[in-house]
Amino acid sequence: MISDIQVMIAGYAGDGVLFTGNVLGKILKRQGWEVVTYRDFPSNIRGEAMNYTIRASLNKIYSRGDYIDVLMAFNCDAILRHIKSVGENGVILCEGSVTESVRLSPKKGRTFHKFPMRELAKKNFRSEIFKNTILLGGLCYILDLDMKIIREVLSEVFLKRKGKEIVEKNIQALRLGCDEAEKIIKEEERHSLEERPDKDRLFLSGDEAIALGALAAGCRFFAAYPICPATEIWQWLLKHIHKFNGLVVQTEDEIAAINMALGAAYSGVRAMTSTSGPGASLMMEGFSLAGMAEIPIVVAHVQRVGPSTGLPTRPEQSDLNQWVFGAHGDFPRIVLSPGTIEECFYFMADAFNLAEKYQCPVILLTEQNYGQNFYTVEKFDLSRVSIDRGMLLSQDELLKIEDYKRYALTENGISPRVVPSMANGIHMVEGNEHDEKGYRDEDEEIRIKMMNKRMTKLNIAAKDVIPPKLWGKEESDIGIIGFGSTICPIREAMDQLEEKGISTKYLQVRTLWPFSAAEVEEFMSSCNTVFVVENNYSGQLSRLIQGQGVECSRVHKINKYSGHTFRPVEIAESMLGVLEQ
Amino acid sequence: MISDIQVMIAGYAGDGVLFTGNVLGKILKRQGWEVVTYRDFPSNIRGEAMNYTIRASLNKIYSRGDYIDVLMAFNCDAILRHIKSVGENGVILCEGSVTESVRLSPKKGRTFHKFPMRELAKKNFRSEIFKNTILLGGLCYILDLDMKIIREVLSEVFLKRKGKEIVEKNIQALRLGCDEAEKIIKEEERHSLEERPDKDRLFLSGDEAIALGALAAGCRFFAAYPICPATEIWQWLLKHIHKFNGLVVQTEDEIAAINMALGAAYSGVRAMTSTSGPGASLMMEGFSLAGMAEIPIVVAHVQRVGPSTGLPTRPEQSDLNQWVFGAHGDFPRIVLSPGTIEECFYFMADAFNLAEKYQCPVILLTEQNYGQNFYTVEKFDLSRVSIDRGMLLSQDELLKIEDYKRYALTENGISPRVVPSMANGIHMVEGNEHDEKGYRDEDEEIRIKMMNKRMTKLNIAAKDVIPPKLWGKEESDIGIIGFGSTICPIREAMDQLEEKGISTKYLQVRTLWPFSAAEVEEFMSSCNTVFVVENNYSGQLSRLIQGQGVECSRVHKINKYSGHTFRPVEIAESMLGVLEQ
Amino acid sequence: MKENSYHLHDPTWCRGCGIYGIFAALKKAAASLQIPPERMVIVTGIGCHGRLNNYFNAYGFHGLHGRVLPVAAGVKLANSSLAVLAVSGDGDAYSIGVGHFIHANRRNVNMICIVVDNRVYGLTQGQTSPTSQKGYVSVSSPFGSKETPLDGPRLAIVSGGTFVARGFSGIPEHLTALIIEGMTHNGFSLIEVLSPCVTHNKINTYKWFKEHIVNLDDDTNFSAKNKKKALEVLSDQSKIPIGLLYHEERPSFDDLSLPSDTPIALTKLDVDEKKLDAIMKDFM
Amino acid sequence: MKENSYHLHDPTWCRGCGIYGIFAALKKAAASLQIPPERMVIVTGIGCHGRLNNYFNAYGFHGLHGRVLPVAAGVKLANSSLAVLAVSGDGDAYSIGVGHFIHANRRNVNMICIVVDNRVYGLTQGQTSPTSQKGYVSVSSPFGSKETPLDGPRLAIVSGGTFVARGFSGIPEHLTALIIEGMTHNGFSLIEVLSPCVTHNKINTYKWFKEHIVNLDDDTNFSAKNKKKALEVLSDQSKIPIGLLYHEERPSFDDLSLPSDTPIALTKLDVDEKKLDAIMKDFM
Ligand SMILES: Cc1ncc(C[n+]2csc(CCOP(=O)(O)OP(=O)(O)O)c2C)c(N)n1
Ligand SMILES: Cc1ncc(C[n+]2csc(CCOP(=O)(O)OP(=O)(O)O)c2C)c(N)n1
Ligand code: SF4
Ligand code: SF4
Ligand SMILES: [Mg+2]
Ligand SMILES: [Mg+2]
């Protein structure tokens, strides 16, 4: 019985690879499997190679796997590109138009079939467009998928937008694909998938989870400018936020976006923006203002490959430095890093609660591979979401205060906050250094007190932020440290090592700033060997750890900066290389 | 015989404090003294308190001193503010208008005189404006200044702009002030200054030294937007650059400034911009582009107090983090930190040479107190300035190349550069990841090679940047580390400690990135106690050192973030506090 | 509310500065409209104009150079019950912030924007600004400015502005009337105010402005409903028209975008499980 | 130089995309003016239009989203002997970059700017842009856009633009002629090009544009020397005029600012001790 399968659909931009993959993912999810997708798309218009991997398993999985079981290729070129990733008993189906000669014979175990999707589509439906459903039909045969589910998914996809007729035509195309596959695929080449109950599960991307999390957390104002791979957040929110009396504004640029969100946050609404690479650099000035003026604001940053425009549709973790150390001046900031799709959702509430409690900017830092890939997760538990607005006073409370001071010097640095329209609360929010009422003041004493006040908040927050999470065997002396989505290949690599008899443990850093130095130090001191695994060149997390004064001589860095996530085996092998020395 | 004197002129914005102080500084310089000025001005329009300190000495001095010898006050309020800084035998002269009652009697030794400058000006010249020259006249008497020099300086100041008549009137006012002072000042209250030859010395600010350095270094394009305290750089350059066939453009904002400079640099001209706090945050995106596209560009950043608008006219050192770690993605960058006015000048040539040799952005990071204060220095030695354009090919060299590649993969990461208009050199400069010719490429292998290439340059550059400089007693085991203008109070503090029999040494870090880790480590290991002295809250240099894996347990941090530089005694006392434990 | 309900402190602008006139007009306008100070938010830019908050009794937001308009839009959209006033300068609004200015006119959020046009960068000590005239000599253009000056109201009109006016700080009653009208307009109102900088701008003085302005009230042929006319009077470079230049009724962005009449800031914030559950179904 | 001297690679824009027409027109214009490829610099923005560099044989600079104009000005001012072409998009030039656009028109550096106006954000998959019509439905405005669309040429004219034209990628000969004219103009030349995005914009198709454009060549009453006329034809929202809208001879920024006729980039770089010594005297 098959329990883990990985399908790749490969073609050129414009072939409908994304669409086909998404539908397949949804079908597998409905079959009750755990599903993880991985998109490998250039930032492109038409005509460049792209591929989409859908992995499904009966067990918990975290990342794309190392090998492909079924490769559906829209052209022979795709086979050349991916043949080395096809597993030993892999099946390859290729459009393989007649003029092309397939120049390679698959290696042992691997089988190759010509599957003329485009031709079939044109012949039977007079339109190439049905090639994708024919392809799905082929997969349907190979994986022995449930026709009822596919029908259901296809109607969901097409009924509303295209009407009944198109649904029917697609179902015919599906049948055709299935029948054609039956003719060419041998029984032993099939991977029949068992069906499981699909109860209370969701299938969504990190961007969608963030958007849903924002909505649940009470975000009611979102201002943003389009940028890959973060746009999906607000484009999804746009369709729902009005049901909660909220608003999304597409601004003229990222500078307007953060400033508009600051205005809304100042007005008392939970407000945020989202961005990536270049957009984040443009937000630095507003970020610094939020710190100085103590305005609670949330920025969701979905990292892509840098520097500059880099590779806009590919994952990296090279913007940690920017949020932890970027922008001018010293000011309090909190940077969270969700490691799972669930955390993308739940951390949004933390982000807003922390922002309001500590009256400072909070960054949710994630990566493109979470942002734009789909995962199966348990339905989010809304009872776990709560809203804590910190020291936000009500009108009644404010009226009781003799001489309200927005930036009152308090022991923990947190000053009661009120918002415009409240009687008795008039004050100024100021980016210049200011006195307790918010009025500009250049006095040395005031300056020192205000700096202390703002930075003190961060010391208090340090005890309140999300602590690192330990995974794996606590008693192991081989430790791994990382943040964000690298948890996926890391956990898979840990399983691979466990199979080889090597127990490991993983400390997932979930708050990058204020940094969980004590926990990291304790973890490291319990290990003989420590690996810091990062999707970037310079080891930004490593340096962050070191900058806290943690002894790092036993640290081995594992870095990847090719524009792709780690495959689990890459991590496992790098670790083995060190461990076997 | 007096060998060190400190005069403070204090008043409100609009009183002409700056003008008077500058003239006094120039006079003292012409008398052959070493001069250092310190401006303490709010970012303001009118009516706020401000003061200007002029310290002069026969010996080398670095910073304002701890105590004031002569306080010239335009109002009684100023006395109240500064009385505690007036030294034991200090003389206080105050405008003290008749309606005001001087509410304090000066403490022992200190003498107080009413000196009605405004009244005298109005009575004798029917215009308050002469109060400043009358004040200078008073000082002229107290300090026994050379009338010929004063006359000379006053004509330089007024002749061109205001004409002969005004010069004469001012000289009358000067005499008047002198005579009035003679009436009220006792002989023993005078501080007669010896005259020394003033040969081949300059009196200028750091901003001016940077501008002059840029000109000498071949900077021929400057694009910038006004911002305190960096504007002086290009406003000075503006008057001279055309003589060198160069151009300054005032742009619509900082984003345009850095991008225009990038365009000019790409065209083959040595180009730069200058900015401070908020402007730097706006330049982060362009900074990242310069790193990716390998465009040599120089940014002079004159730091002010942050975060946000902060205190725009006051000094701080809190933007180190931003340039070392800010902007999205990992890319090569070089950050220089001049510690003297001379270095402000000479480092400009280094900045441009490094930018062109390593084809990356170079930042010259300095502080407001250098930027806007005046110092006497030896005339700059132009034979020490040389221009190294690195791998910039000539047309002839380019013609010999078969297939020119802008981003050719070389061992040291540096690729020969050519500029538009050259035959046989057509290529693309690209902010997306790209191949050797500059064309966008998303291939994994290419990405890895290009990242390695860019980052390798920095490793090579690390051996070529400006090393730290050691000051003080090498054999001492008490070490101080710092960067930038803190050298001034630190060196003074070292002298104070030396007088107490405590020898110290100081390591002046002059390149902040790539960081001089080995030298710092060596220095630290030669010390029992190390002090890291910084004009910021969080200890950005300390963390930088620690982040390099240097053992920092013996480090004591001395930080000031009040919007002022250290007074030498503050550093000396902090150190003593630790040393005496 | 009396005028001095809005007077928090005596300003410290240079004696004679045009902004005093604007400060006075603003207080008068607020009093005339009886806006409670706590229902007013003044968002200011960085520049001499940005000090207004320190003297005017209302909620204040002194943010970044050039970013008043996005901040003010955020404040207003979040709480549509507030009277939101953005105060900017010729450098703030027309140089670094001109992108937001164009888009604010297109967007038409219901708020008022006052651009204090002193034709110079005041706070940074006198540099040339986008409204400085060609050839203007300053510390930043010692050989004279080389660029064509920018006309804010004209830019506003072609960008879709629905209320575009110009006043002069030397005629405070006229200015007050314009501000009152702008504040009652439903949509984005621009009031550019000619305002001498007595310290740095020795060209565009009170006298100079008085010699160059023409009051549109005196032109019986003129109608602010006619965009063509407005652009016409603005195209004569030798004269500077003051008064209401253009006025159009068009639904504001607030009208078109806000999901309900209840200001967002005043809706109760809770985790609405039912609604969220329904939405989650999309992902099943 | 033949047309194909400028052809580096076959483009990979979507089949039918309007930018193909612009690419062809540009090659024709360059060939007609006999500009050696190495003397041409094309600065592009981020967007589908930004791919032009990859296909056109000339020096190329693909920088940041919205920043083509400052970069291009820097290139040109540094080496005034180059033919500098900025290629931008409706998002690039009119949204994030509109501040630079206004100031480029004021500044009047001698270069040409082509704005590929497909009325949508192409590369980021179809969001509403500043030129999208009111009510435009897209992934970013599912309930219809609420903002007044922006008219680039009109904005250029009121900002001081000296050469303002509009072409249509569906009429390549006409466009080629405009580009040639723009490239020979001394000053900043804007050519906005209507360019269908066949993938994301199902409203502003070739057919739609053909139905809405009017060619100014057909209007014998029209003169591009008349600013008022230009603003008039641009104010009729129901029609989109194409052709040369406005043209004025005014010294360029280069003429006014560059210290000599020798391009800065071509002056020898040395440490001129004599000159520097003389200047240092000021500080003595
Ligand atoms: C990003 C940024 N750049 C530059 C500055 C410096 N700065 C402060 S005020 C100002 C210009 C002020 O001119 P304007 O807007 O006309 O205001 P005014 O002082 O004339 O009222 C500038 C450039 C800044 N604060 N922030
Ligand atoms: C600072 C920044 N913000 C956002 C983006 C993402 N982005 C890339 S292209 C683009 C818009 C493209 O629209 P347009 O300029 O009209 O070009 P088109 O693709 O339509 O030719 C955006 C928003 C970016 N690259 N940089
Ligand atoms: S500097 Fe000019 S604008 Fe600023 S307060 Fe003084 S007069 Fe007014
Ligand atoms: S997405 Fe649109 S603009 Fe971009 S290449 Fe395709 S058709 Fe052209
Ligand atoms: Mg101004
Ligand atoms: Mg577009």
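Chains as they are written, first to last, in my numbering: chain B, 1 to 581; chain E, 1001 to 1581; chain H, 2001 to 2284; chain U, 3001 to 3284.
Where is the CB? At the ideal position from N, CA and C, for every residue including glycine.
In its chain, beyond the 5 residues on either side, Q250, T251, E252, D253, E254, A256, A257, T275 and G279 have a beta carbon closer than 8 Å to the beta carbon of Y225 (chain B). In this structure, D2151 (chain H) has its beta carbon at no less than 6 Å from each heavy atom of ligand 6. Residue state for A1056 (chain E) is assigned as strand, using DSSP reduced to three classes.
Scanning its chain for C-beta atoms nearer than 8 Å, with the 5 sequence neighbours on each side dropped, one finds around H82 (chain B) the residues M8, A10, N51, I68, L71 and A73, in chain order. With a cutoff of 6 Å, G3091 (chain U) does not count as near ligand 3, since its C-beta is closer than that to no heavy atom of the ligand.
Remark: C-beta atoms of G479 (chain B) and F515 (chain B) do not approach each other more closely than 7 Å. The closest CA to that of I2046 (chain H), considering only H:N2057, H:H2065 and H:N2053, is found on H:H2065. Pairing S538 (chain B) with D1330 (chain E) gives a Cβ-Cβ distance under 7 Å.
Excluding residues up to 5 positions away in sequence, F2061, V2068, V2071, A2072 and A2086 lie with their Cβ nearer than 6 Å to the Cβ of V2043 (chain H) in the same chain. Closer than 7 Å at the C-beta level to chain H, one finds these residues of the segment 1233-1247 of chain E: Q1235, L1238 and K1239. For the options U:G3097, U:G3122 and U:V3120, the alpha carbon positioned closest to that of C3113 (chain U) is the one of U:G3097. Taking N3079 (chain U) as the centre and dropping the five residues before and after it, the same chain places the C-beta of P3263 and A3265 closer than 6 Å to its C-beta, in chain order. For G1047 (chain E), the neighbours in chain H by C-beta distance under 8 Å run, in chain order, T2012. Along the segment 2258-2270 of chain H, going in chain order, the ones with a CB nearer than 8 Å to a CB of chain B are L2258, P2259, S2260, T2262, I2264, A2265, T2267, L2269 and D2270. With 6 Å as the limit between CB and the heavy atoms of ligand 3, the residues that fall short of it are E:I1045, H:W2013, H:C2014, H:C2017, H:I2019, H:C2048, H:N2118, H:G2122, H:C2197, H:V2198, H:T2199 and H:H2200. Around the beta carbon of G2016 (chain H), fewer than 16 other beta carbons sit within 10 angstroms, so the residue counts as exposed. When the beta-carbon positions are compared, T2128 (chain H) and C2014 (chain H) stay at least 7 Å from each other. Take W471 (chain B), set aside five residues on each side of it, and the residues of its chain with a beta-carbon closer than 6 Å to its own are Y506, in chain order. Per DSSP, the beta-bridge partners of T529 (chain B) are B:I478.
Counting only Cβ-Cβ distances below 9 Å, F3143 (chain U) has no contacts in chain E at all, with the closest Cβ about 32 Å away. Looking at E:K1029, E:C1228 and E:N1259, the one whose alpha-carbon comes closest to that of G1310 (chain E) is E:C1228. The beta carbon of P226 (chain B) falls within 7 Å of a beta carbon belonging to chain U, placing the residue at that interface.
Segment contact: the segment 1329-1345 of chain E against the segment 1526-1533 of chain E, fewer than three CB-CB distances shorter than 8 Å; contact not assigned.
Sequence-ordered contacts of the segment 1366-1379 of chain E with chain U read K1379 [C-beta pairs closer than 7 Å]. Beta-bridge annotation (DSSP): R110 (chain B) is not paired with any residue. Not one beta carbon of chain B lies nearer than 7 Å to the beta carbon of Q3133 (chain U). For the segment 3033-3061 of chain U, the set of positions with a beta-carbon nearer than 8 Å to some beta-carbon of chain B reads I3046, C3048 and R3051 in chain order. A buried status is given to D1319 (chain E), since no fewer than 16 other beta-carbon atoms sit within 10 Å of its beta-carbon. When 9 Å is used as the limit between beta carbons, G3066 (chain U) is near these residues of chain B: D253, in chain order. Looking at the DSSP output, L1204 (chain E) bridges to E:Y1375. Sixteen is the threshold: since fewer than 16 other Cβ atoms of the shown chains lie within 10 Å of the Cβ of A423 (chain B), the residue is exposed.
Closer than 7 Å to the CB of N321 (chain B) there is at least one CB belonging to chain E.
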